[in-house]
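In full-length UniProt numbering, the protein residues as written are 1 to 350. All C-beta atoms in this analysis are idealised placements derived from N, C-alpha and C, irrespective of residue type, glycine included.
Structure follows, in structure tokens:
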């Protein structure tokens, strides 16, 4: 079958304020020191009320973001292609602070918003036919283009535009490290990310602060990658892909939501930020822990074709580890004094 597709490993740099503990000289190069940023979280709760328009609000990340915004007394406009689906996710009786807008009303919502978050995109966890690959790209680029147009045409433009992208931008490598200044890769997902980001950059950055979040694999107990992996283990089909030494770069769902929220409210967040935990894990380590939790074996390597049948063609493509934002000339360690993404996935799985 050939060698497994390598994963991506991003190179962390010291954040502002330094590391919370020294890095031992004996620490293997493949391991990452746990870092903690002396960061300026908005802990005083003095954030002015916002109205935030969100694409992809009904997805795994979007749903949690909406809940976070509403809990802090902000208003949300859900930009959707299906009002029926959005209303089932955000019923008015439970979510009175949510306005649902189909495509014909997107421009009005954006015009009335103080911030916009773009999370839209067809999931890559599917079989990649030529038609699906085209839809994966277009679902990201076309929505981003539309949102950027509405922002630029608004008389009073939103102050910030947070647009998701992915660590797939860097391509794949099992041995090289990358940061936000690293060049793009040459594979299909890197191509998607380049076009996705280029479209977002067309926003009027003279008036609008742009934050591009290159996101890793999002882990949470109620959906995302784990929801697809756990059934494999329950069927005794869980295990590492190939050697299991590939890097798996991840971020806890709630840490990602905090990162998006901080990007909305903190003007120091600008440009590219890698949305991943500071400590990647080997795929074998993730599978071993997951197998232990569900009481299933995890030592048997899984053929690539079997994983692709469940997780899609994107499996084994682009996994990375921690990053820092360079767009504003500041290194922003996205652990955000993290409460969840420090523990090698333990807090997500256990």
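Secondary structure of residue 212, DSSP reduced to three states: Numbered from its first residue, the chain shown carries residue 212 at position 212. Per DSSP, reduced to three states, the secondary structure at residue 212 is strand.
Pull up the DSSP beta-bridge partners for residue 163, would you. Locating residue 163 in the chain shown gives position 163, counting from the first residue. DSSP, once it has assigned bridges, lists 118 and 212 as partnering residue 163.
Since residue 144 is in the alpha helix (DSSP H), which residue starts that stretch and which ends it? For this step, residue 144 is matched to residue 144 along the chain shown. First-last of the alpha helix (DSSP H) with residue 144: 130-153.
Euclidean distance between Cα positions of residue 148 and residue 288: By 1-based counting over the chain shown, the position of residue 148 is 148. By 1-based counting over the chain shown, the position of residue 288 is 288. Answer to the nearest angstrom: the Cα atoms are 43 Å apart.
For the 8 Å Cβ check, are there 3 or more pairs between the region 83-96 and the region 126-139? With the cut-off at 8 Å, the region 83-96 and the region 126-139 do not touch.
First and last residue of the uninterrupted alpha helix (DSSP H) at residue 81: For the purposes of this step, residue 81 is taken as the residue at position 81 of the chain shown. Where residue 81 is concerned, there is no enclosing alpha helix (DSSP H), given that its DSSP letter is neither H nor E.
In angstroms, rounded to a whole number, what distance separates the CA positions of residue 281 and residue 247? Taking the first residue of the chain shown as position 1, residue 281 is located at position 281. Taking the first residue of the chain shown as position 1, residue 247 is located at position 247. Going from the Cα of residue 281 to the Cα of residue 247 covers about 6 Å.
Are the CB atoms of residue 53 and residue 142 within a distance shorter than 8 Å? Here the question's residue 142 lines up with position 142 in the chain shown. Here the question's residue 53 lines up with position 53 in the chain shown. At a Cβ-Cβ threshold of 8 Å, residue 142 and residue 53 do not count as neighbours.
Just mark residue 205 as buried or exposed, buried being the case when its beta carbon has 16 or more other beta carbons within 10 Å. Numbered from 1 along the chain shown, position 205 holds the residue referred to as residue 205. Note on residue 205: under 16 other CB atoms within 10 angstroms of its CB, so exposed under the neighbour-count rule.
Residue 54: first and last residue of the uninterrupted beta strand (DSSP E) it sits in: Within the chain shown, numbered from 1, the residue matching residue 54 stands at position 54. That run of the beta strand (DSSP E) goes 51-55.
When DSSP labels each residue in this structure, what does residue 75 get in the three-state scheme? Here the question's residue 75 lines up with position 75 in the chain shown. It is a strand residue.
Would the region 267-278 count as touching the region 211-222 if we require 3 or more Cβ pairs under 8 Å? Yes, the region 267-278 touches the region 211-222.
In DSSP terms, what residue 101 is bridged to: The sequence position of residue 101 within the chain shown is 101, counting from 1. Answer by DSSP bridge pairing, in chain order: 79.
Which of helix, strand or coil does DSSP assign to residue 281? Here residue 281 corresponds to residue number 281 of the chain shown, with the count starting at 1. In the structure shown, residue 281 sits in a strand (DSSP, three-state: E or B).
Which residues bound the alpha helix (DSSP H) around residue 273? Here residue 273 corresponds to residue number 273 of the chain shown, with the count starting at 1. Boundaries for residue 273: no alpha helix (DSSP H) harbours it, while the beta strand (DSSP E) harbouring it runs 271-275, taken from the DSSP string.
C-beta contact flag for residue 352 and residue 74 at 8 Å: Nothing can be reported for residue 352, as the shown portion of the chain is limited to 1 through 350.
Residue closest to residue 154, alpha-carbon to alpha-carbon, out of 190, 203, 119 and 170: As a position in the chain shown, residue 154 is number 154, starting the count at 1. Comparing Cα-Cα distances from residue 154 to each of 190, 203, 119 and 170, the minimum goes to 203.
Can you give me the Cβ contacts of residue 188 inside the same chain, cut-off strictly under 7 Å, excluding the 5 residues immediately before and after it? By 1-based counting over the chain shown, the position of residue 188 is 188. Cβ within range, chain order: 133.
Three-way DSSP call (helix, strand, coil) for residue 178 in this model: Counting from one through the chain shown, the residue named residue 178 turns up at place 178. It is a strand residue.
For residue 66 and residue 110, believed in contact at Cβ under 8 Å, the rounded distance: Numbered from its first residue, the chain shown carries residue 110 at position 110. Numbered from its first residue, the chain shown carries residue 66 at position 66. Going by Cβ atoms, the distance from residue 110 to residue 66 rounds to 17 Å, so no, they are not a contact pair.
Which of the three DSSP states is assigned to residue 185 in this structure? The count along the chain shown starts at 1 and reaches residue 185 at position 185. The answer is coil: DSSP assigns residue 185 none of H, G, I, E or B.
Under the three-state DSSP convention, the category residue 329 falls into: Along the chain shown, read from residue 1 onward, the residue named residue 329 stands at position 329. Because the pLDDT at residue 329 is just 26, under 50, the model does not fix this residue reliably, and the value given afterwards should be weighed accordingly. Coil, per DSSP.
Identity of the residue in 286, 169 and 103 nearest residue 198 by Cα: Within the chain shown, residue 198 is the residue found at index 198, counting from 1. Residue 169 holds the alpha-carbon nearest to the alpha-carbon of residue 198 among 286, 169 and 103.
Nearest-angstrom Cα distance between residue 151 and residue 286? Within the chain shown, residue 151 is the residue found at index 151, counting from 1. Within the chain shown, residue 286 is the residue found at index 286, counting from 1. Straight-line Cα distance between these residues: approximately 41 Å.
Mind checking residue 82: buried by the 16 CB within 10 Å criterion, or exposed? For the purposes of this step, residue 82 is identified with residue 82 of the chain shown, where counting begins at 1. Residue 82 counts as exposed, since fewer than 16 other beta carbons sit within 10 angstroms of its beta carbon.
Any C-beta of chain B under 8 Å from that of residue 187: Chain labels in this structure do not include chain B; a single protein chain is all it has.
Verify whether the separation of the beta carbon atoms of residue 115 and residue 182 is less than 8 Å. For this step, residue 115 is matched to residue 115 along the chain shown. For this step, residue 182 is matched to residue 182 along the chain shown. Cβ atoms of residue 115 and residue 182: not closer than 8 Å.
In the DSSP assignment, what are the bridge partners of residue 251? Reading the chain shown from its first residue, position 251 is the one you call residue 251. 218, per the DSSP bridge assignment.
For residue 264, count the other beta carbons within 10 Å of its own beta carbon; 16 or more makes it buried, fewer makes it exposed. Which is it? The residue you call residue 264 lines up with position 264 of the chain shown. Looking at its Cβ environment, which holds 16 or more other Cβ atoms inside 10 Å, residue 264 is buried.
Simplified DSSP assignment, three categories, for residue 37: Stepping through the chain shown from its first residue, residue 37 is reached at position 37. Since pLDDT at residue 37 reaches only 31, below the 50 mark, its modelled position is unreliable, and the value read off the structure follows with that caveat. Reduced to three states, the DSSP call for residue 37 is coil.
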